Amino acid sequence: MCLLVVHSVYAEQQPQLLQKIPDQPPAPDFSLVDMEGVKHKLSDYRGRVVVVNFWATWCPPCREEMPAMERAWQQLRTQDVAMLAINVGEDEDTIFEFTANYPVEFPLLLDTTSAVISAWPVRGLPTTFVIDPAGRLVYRAIGGREWDAPELIQQILALKTAADRR
């Protein structure tokens, strides 16, 4: 946990860009439940662009970016882009309290044992990945972002457009 705290401070200082992942490996599959008890399996989203965010309530940049993620979600959902936020190591009560101040409509998934995060190339919180319709990790963002910035929305939607042309 201490390592993630250090990394969350570092991550806060990163530029507002989505970094291309050179080898574009397959996204590790997972199966997690959301706050409503609904199971989400990443492989069920195959064929769609998916934004996967790893976060925690104790992480300041995670809290700061959540409203922008919700605004981005309102734009992306109409384009059939999925957004999944995976909470790392916290219980449902803690997350429920958080959502009273930061309400979101996209699924908040529970990784209470931190099993999923350990399979992903996460370097700190928040870390967000954008997965193309073929299920590959294409972009990574370490640190908070203004997710509703037009440049970021366009970068995400470009993956969908490229897939639609195939």
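For what it's worth, the numbering used here labels the leading residue of the sequence shown as 16, then goes sequentially. Just so it is clear, CB atoms sit at the ideal spot from N, CA and C, and this is done for glycine as well. These numbers come from a predicted model, not from an experiment.
- In the three-state reduction of the DSSP assignment, S46 falls in the strand class, which pools E and B.
- Here R151 carries a strand assignment [DSSP, helix/strand/coil].
- A direct Cα-Cα distance of roughly 11 angstroms separates A42 from V66.
- Per DSSP, reduced to three states, the secondary structure at P75 is helical.
- Fully enclosed alpha helix (DSSP H) runs of no fewer than 4 residues occupy 107-116 of the stretch 81-158, in order along the chain.
- For V67, the enclosing beta strand (DSSP E) starts and ends at 65-70.
- Fewer than three beta-carbon pairs drawn from the stretch 126-135 and the stretch 156-170 are found closer than 8 angstroms, and the two stretches are therefore not classed as touching.
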